[in-house]
Each structure stands twice: as structure tokens, then as C-alpha cells.
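*Asks:* Input: one structure, supplied below.
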Amino acid sequence: MGVETSTVSPWLAIIRLHPIKALDPVQVKEARIGPGGGLELDRAWALYSADGQWINGKRTAAIHLIRAAYAPDLNSVTLSVPADRRGTPTKTFDFPGGSADAAQWFSAFFDQLVTVRYSPEGFPDDTVANGPTIIST
13 MGVETSTVSP WLAIIRLHPI KALDPVQVKE ARIGPGGGLE LDRAWALYSA
63 DGQWINGKRT AAIHLIRAAY APDLNSVTLS VPADRRGTPT KTFDFPGGSA
113 DAAQWFSAFF DQLVTVRYSP EGFPDDTVAN GPTIIST
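Reading the sequence shown from the start, the letters are residues 13 to 149 in the numbering used here.
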């Protein structure tokens with residue numbers, strides 16, 4: 013009685029980056045490993061409130077209303093709020109260099125002072141076991 017074995021060849025189906033922590037991802041065909049061990053430009057921007065805390069979906073539900081659309085070369089991001097009755101304007105920012113201008117947009121939307129920080133290493137949730145996350149199905 014022989015044991016039947018099969019060879020499984022894993023393959024990468026999709027690469028998604030979240031250039032702005034807590035906002036929409038962008039699907040890319042390839043990605044480089046960045047200086048911090050994660051994917052380059054993944055979570056390169058993070059939003060901070062005046063008390064120095066991350067602005068994310070766990071703390072600030074309104075962030076889920078914001079849509080982020082990235083240029084194909086990831087050199088700009090367009091932010092919009094489709095369901096916003098206050099009329100927050102859709103605006104495009106240089107990425108990653110336009111963090112100060114984007115902070116003004118986020119501050120107006122959240123009606124509080126927001127700082128947008130940039131880090132080439134990204135802002136991983138887990139600073140000990142950081143790096144690309146692989147999800148198998």
C-alpha cells in the first residue's frame with residue numbers, strides 16, 4: 013500500500029499595499045522589501061491625533077468614510093469622502109511627499125488637528141514581528 017503524495021506549488025495571487033495606514037489598499041503587480049523589512053510604501057503614512065495616538069478605525073469610525081485612490085506609480089493619492097454631507101472636497105496629494113498638505117485636509121475632515129507622519133520603514137502594528145503578511149487560502 014503506497015502513500016499517495018501530491019506536490020503543492022504555492023503561488024502569490026495578489027499583492028496589496030496600504031500606503032496610508034487605516035485607509036484603502038492598492039493592488040500592485042510587484043513590490044520591493046523596504047528598509048524596515050516590510051513592503052516598500054506599505055503604511056508609509058500614518059495619521060496621528062493631537063494626543064499622539066494613531067487615528068484608525070478602532071478609535072475613529074469616521075475614517076471608514078474616506079476613500080483613497082492611488083496613481084498607478086503611487087506618486088500621488090486622491091482622497092475623497094463620497095458620503096460626506098459637509099462637502100469635503102476631493103483632493104490629490106503628492107505621495108509620499110505631500111504629508112503636510114494632506115494633514116490639513118484630514119484636519120478639516122475630522123475637525124481636529126491631525127498630523128500625517130511619513131516613515132520609509134512604514135508603521136507596522138507589530139514592531140517585533142513586522143514584515144509582509146502572507147495569507148494562504
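Backbone N, C-alpha and C fix where the C-beta goes; we use that ideal spot for every residue, glycine too.
Closest to P136 by CA distance: which of E16, A62 and A56 is it?
*Replies:* When each option's Cα is compared against that of P136, the closest is A56.
*Asks:* List the whole-angstrom C-beta distance separating V77 from V93, where the pair is believed to meet the contact cut-off of C-beta under 8 Å.
*Replies:* What sits at residue 77 in the sequence shown is Leu, not Val. Confirmed, about 5 Å.
*Asks:* Can you tell which of A112, R79 and A83 has the C-alpha that lies nearest to the C-alpha of D36?
*Replies:* Checking every option, the nearest Cα to that of D36 belongs to R79.
*Asks:* If you count every other CB in all the chains shown that lies within 10 Å of the CB of L53, and 16 or more means buried, which is it?
*Replies:* Looking at its Cβ environment, which holds 16 or more other Cβ atoms inside 10 Å, L53 is buried.
*Asks:* So, at 6 Å on beta carbons, what are the nonlocal neighbours of T102 in its own chain, with the 5 sequence-adjacent residues on each side left out?
*Replies:* Cβ within range, chain order: S92.
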